[in-house]
Amino acid sequence: MQTVLAKIVADKAIWVEARKQQQPLASFQNDAQPSSRHFYDALQGTRTAFILECKKASPSKGVIRNDFDPARIAGVYKHYASAISVLTDEKYFQGSFDFLPIVSRIAPQPILCKDFIIDPYQIYLARYYQADACLLMLSVLDDEQYRQLSAVAHSLNMGVLTEVSNEAELERAIALGAKVVGINNRDLRDLSIDLNRTRQLAPKLGQGVTVISESGINTYAQVRELSHFANGFLIGSALMAHDDLNAAVRRVLLGENKVCGLTRPEDAKAACESGAIYGGLIFVPSSPRFVSDEQARAVRSAAPLHYVGVFRNHDIADVCEKATQLSLKAVQLHGREDQAYVDALRAALPEDVQIWKALSVGDTLPARDYQHVDKYVLDNGQGGSGQRFDWSLLQGQSLDNVLLAGGLGADNCVDAAKAGCAGLDFNSGVESQPGIKDARLLASVFQTLRAY
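The numbers in the sequence shown follow the UniProt record's numbering, run straight up by one, and end at 452.
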């Protein structure tokens, strides 16, 4: 067993013996009734499954989430997850078995106890604390231990997530009849990440086995690509590190998407309910989607999107005033704003307001070399034209801070997503007429983006 893991498991054995003294099995075993939430069923179906994780800390990252509140986290996850994983290891992950019933009360999904399980006692304890499934790691257990522990879990109607990290463990999982196999992309020797592990190992598993890719999943592009190999994903650190957990989940499951040109409160609400993170408010008077300050306030108060103000060659003082009054997340520049303008704007804006720059794409891709620009929006022309540029120009580009715009709707959003940008910027393609968004078109777009 690898050094880091061996130390953790040795400490776990000490913990188990101490907990047995503190809370003997006989004191609660009869109260550990079989689960009524079906872990295996929750991961079935045509939609990619997501096991979203409640994790305060890890050995590789230290404390990930300072304001760790399992109830609040569960309140977000219940809208997106197929199952919810809860870290219960105390020493290395700052977890607790007490977190399990908190999450179970709030979320209806099956709850996975994520721990270094080496003793049947831990499984009874997990079920007593309302877990519906448990993690069994083949890097920690021999075949006989695995059979014993999985039998205890199944006797309590709990599911088992069988974790493998190499081909030898994968072959053991197959021989042991594992129903759900988690492929850990993390090297337990040095804690490095290699997503190729999922690509290499998943095809070796036969029909009827649910494959979950674990560790290192941070972006929508990764999810889209790896969904060809895995039936689902276990994601924790990438979500826990963000203050806005709801936006973080949407970013990974759907992409960093924006609905621009919002003019009505009901459209902001529909965009938010569909899955958008950003809402665009256009302050360019010549645009058919122009909003007054009063309209902007009404739209902004209707839904908790991250709002982006769209400007074209505006006076910097005007941009800053609107950014402050409307608590904008970002200002998006659509005109001839040069580096000097951006520098002056950055100095004048509140620190937490980002600067985005829209660039028009013709026959070639324009340079993205502005200082102080946080994101770029690549569009055809001045925006709102409903026309797309040649997306093949994006091949081989680093697009982590790029949103793709121009004629996007349900008919082409999947192809647009495959281009690999951080997100998509929807406008005319989700409208019934300029400035009037269609709730059905919005729902259709985001349902299409989720169908991988």
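We put the beta carbon where it would ideally sit given N, CA and C, even for glycine.
Report task. Since I believe L138 is in contact with V180 (beta carbons under 8 Å), could you give me their beta-carbon distance rounded to a whole number of angstroms? Result -> What you label residue 180 is simply residue 180 of the sequence shown in a count that begins at 1. What you label residue 138 is simply residue 138 of the sequence shown in a count that begins at 1. Going by Cβ atoms, the distance from V180 to L138 rounds to 13 Å, so no, they are not a contact pair.
Query raised in the report: So A247 is in the beta strand (DSSP E); what residue range does that whole segment cover?
Result: Here residue 247 refers to the residue found at position 247 of the sequence shown. From DSSP, A247 is part of no beta strand (DSSP E) but of the alpha helix (DSSP H) over L245 to L253.
Query raised in the report: When the Cβ atoms of the stretch 187-203 are set against those of the stretch 108-125, are three or more pairs found closer than 8 Å?
Result: The stretch 187-203 is not in contact with the stretch 108-125.
Report task. Taking S360 as part of the beta strand (DSSP E), name the residues at either end of that continuous run. Result -> Translated into the one-based positions of the sequence shown, residue 360 becomes position 360. S360 -> beta strand (DSSP E) spans Q354 to S360.
Requested in this report: Let me know the secondary structure DSSP gives D425 once reduced to three states.
Outcome: By one-based count along the sequence shown, residue 425 stands at place 425. Strand, per DSSP.
Query raised in the report: Sorted by chain position, which residues of the same chain lie with C-beta nearer than 7 Å to S35's C-beta, five sequence neighbours on each side aside?
Result: Translated into positions along the sequence shown, residue 35 becomes position 35. Counting only Cβ-Cβ distances below 7 Å, and skipping sequence neighbours, we find R127, D132, L156, N157 and M158.
Query raised in the report: Using the beta-carbon count (16 or more within 10 Å), is V319 buried or exposed?
Result: Along the sequence shown, one-based indexing puts residue 319 at 319. The residue in question, V319, is buried, as its Cβ has 16 or more Cβ neighbours within 10 Å.
Report task. With a threshold of 16 other CB atoms inside 10 Å of the CB of V63, please say whether the residue is buried or exposed. Result -> In the sequence shown, the residue the question calls residue 63 occupies position 63. Classification of V63: exposed, given that the 10 Å Cβ count is below 16.
**Report entry** Every unbroken alpha helix (DSSP H) inside the stretch 296-379 [4 residues or more]
**Finding:** If we require 4 residues or more, the alpha helix (DSSP H) runs fully inside the stretch 296-379 come out as 316-325 and 339-348.
Query - Of the listed residues V9, P120, D374 and T210, nearest to F50 (C-alpha basis) - result: By 1-based counting over the sequence shown, the position of residue 50 is 50. Minimum Cα-Cα distance from F50 among the listed residues V9, P120, D374 and T210 corresponds to T210.
Query raised in the report: Thinking just about the alpha-carbon of each residue, which of P70, D89, I73 and Q29 is nearest to the one in A10?
Result: Sequence index remark: in the sequence shown, residue 10 carries index 10 (1-based). With respect to the C-alpha of A10, the residue from P70, D89, I73 and Q29 having the closest C-alpha is D89.
Requested in this report: Classify residue 495 as helix, strand or coil using the three-state DSSP reduction.
Outcome: The structure shown does not extend to residue 495, since the chain spans only 1 to 452, so no value can be given for it.
Query raised in the report: Can you give the Cα-Cα distance for A302 and D411, rounded to whole angstroms?
Result: By 1-based counting over the sequence shown, the position of residue 302 is 302. By 1-based counting over the sequence shown, the position of residue 411 is 411. Each residue's alpha carbon lies about 28 Å from the other.
**Report entry** First and last residue of the uninterrupted beta strand (DSSP E) at K418
**Finding:** Within the sequence shown, the letter at position 418 stands for residue 418. No beta strand (DSSP E) contains K418, which is instead part of the alpha helix (DSSP H) from C413 to K418.
Query raised in the report: Taking Cβ positions only, does A175 come closer than 7 Å to chain B?
Result: The structure shown contains no chain B; it is built from a single protein chain.
Query - the stretch 270-288 touching the stretch 439-446, judged by at least three CB pairs closer than 8 Å - result: As far as the Cβ criterion goes, the stretch 270-288 touches the stretch 439-446, which means the pair count is three or higher.
Query raised in the report: Bridge partners of I51, per DSSP?
Result: Residue numbering aside, residue 51 sits at position 51 when the sequence shown is read from its first letter. In the DSSP secondary-structure assignment, I51 is bridged to A83 and L234.
Query raised in the report: When you compare only the Cα positions, how much space is there between residue 455 and R450?
Result: In the structure as shown, the chain starts at 1 and stops at 452, and residue 455 therefore has no counterpart that could be examined.
Query raised in the report: Does the stretch 51-61 come close enough to the stretch 143-150 that 3 or more CB-CB pairs lie under 8 Å?
Result: The stretch 143-150 vs the stretch 51-61: no contact.
**Report entry** Distance CB(Y307)-CB(G279) smaller than 7 Å
**Finding:** Working through the sequence shown from its first residue, we reach residue 307 at position 307. Working through the sequence shown from its first residue, we reach residue 279 at position 279. Taking 7 Å as the Cβ cut-off, Y307 and G279 qualify as a contacting pair.
Query - Spatial distance of residue 469 from G429 (CA atoms) - result: In the structure as shown, the chain starts at 1 and stops at 452, and residue 469 therefore has no counterpart that could be examined.
Query raised in the report: When the distance is taken between beta carbons, is S213 closer than 7 Å to F233?
Result: On the sequence shown, position 233 is the one that residue 233 refers to. On the sequence shown, position 213 is the one that residue 213 refers to. The criterion of a C-beta distance shorter than 7 Å is satisfied by F233 and S213.
Report task. Indicate whether H372 and V342 have their beta-carbon atoms separated by less than 7 Å. Result -> The count along the sequence shown starts at 1 and reaches residue 372 at position 372. The count along the sequence shown starts at 1 and reaches residue 342 at position 342. In contact: H372 and V342 (Cβ atoms closer than 7 Å).
**Report entry** Per DSSP, cross-strand counterpart(s) of T210
**Finding:** Numbered from its first residue, the sequence shown carries residue 210 at position 210. As DSSP reads the structure, T210 sits in a beta bridge with V180.
Query - For M137, three-class secondary structure by DSSP - result: Here residue 137 is taken as the residue at index 137 of the sequence shown, counted from 1. If DSSP states are grouped into helix, strand and coil, M137 belongs with the strands.
Query raised in the report: Rounded to a whole number of angstroms, what is the C-alpha to C-alpha distance between K204 and N184?
Result: Here residue 204 corresponds to residue number 204 of the sequence shown, with the count starting at 1. Here residue 184 corresponds to residue number 184 of the sequence shown, with the count starting at 1. Going by C-alpha positions, K204 is about 15 Å away from N184.
Query raised in the report: To which residues does DSSP link T162 through a beta bridge?
Result: Stepping through the sequence shown from its first residue, residue 162 is reached at position 162. Note: T162 sits in a beta bridge opposite L136 and V181.
Query - Alpha-carbon to alpha-carbon, K418 and D67 - result: Numbered from its first residue, the sequence shown carries residue 67 at position 67. Numbered from its first residue, the sequence shown carries residue 418 at position 418. Those two C-alpha atoms are separated by around 35 Å.
Report task. Would you check if there are 3 or more beta carbon pairs closer than 8 Å linking the stretch 241-250 to the stretch 419-426? Result -> Taking 8 Å as the limit for Cβ pairs, the verdict is that the stretch 419-426 does not touch the stretch 241-250.
Requested in this report: Report yes or no: do three or more beta-carbon pairs, one from the stretch 351-359 and one from the stretch 325-334, lie closer than 8 Å?
Outcome: Result yes; three or more Cβ-Cβ pairs closer than 8 Å.
Query raised in the report: Of all the options A439, Q222 and H154, which has the alpha carbon lying nearest to the alpha carbon of V259?
Result: Along the sequence shown, one-based indexing puts residue 259 at 259. Minimum Cα-Cα distance from V259 among the listed residues A439, Q222 and H154 corresponds to A439.
Report task. Counting only the same chain and skipping the five closest in sequence on each side, list residues whose C-beta sits under 7 Å from that of Y370. Result -> Residue numbering aside, residue 370 sits at position 370 when the sequence shown is read from its first letter. Correct list, in chain order: Q339, V342 and K357.
**Report entry** Opposing strand residues paired with F290 [DSSP bridges]
**Finding:** For the purposes of this step, residue 290 is taken as the residue at position 290 of the sequence shown. Looking at the DSSP assignment, F290 forms a beta bridge with I282.
Query raised in the report: Taking the continuous beta strand (DSSP E) assigned at A405, which residues delimit it?
Result: Taking the sequence shown and counting its residues from 1, one reaches residue 405 at position 405. V402 to A405 is the span of the beta strand (DSSP E), which, as asked, contains A405.
Requested in this report: Could you say which of G208, C134, D119 and L100 lies nearest to Q44 if we only look at CA atoms?
Outcome: For the purposes of this step, residue 44 is taken as the residue at position 44 of the sequence shown. The shortest C-alpha separation from Q44 is found at G208.
Query raised in the report: Is S432 helix, strand or coil when you go by DSSP?
Result: Residue 432 sits at position 432 when you count from the first residue of the sequence shown. The three-state reading of DSSP puts S432 in strand, counting E and B together.
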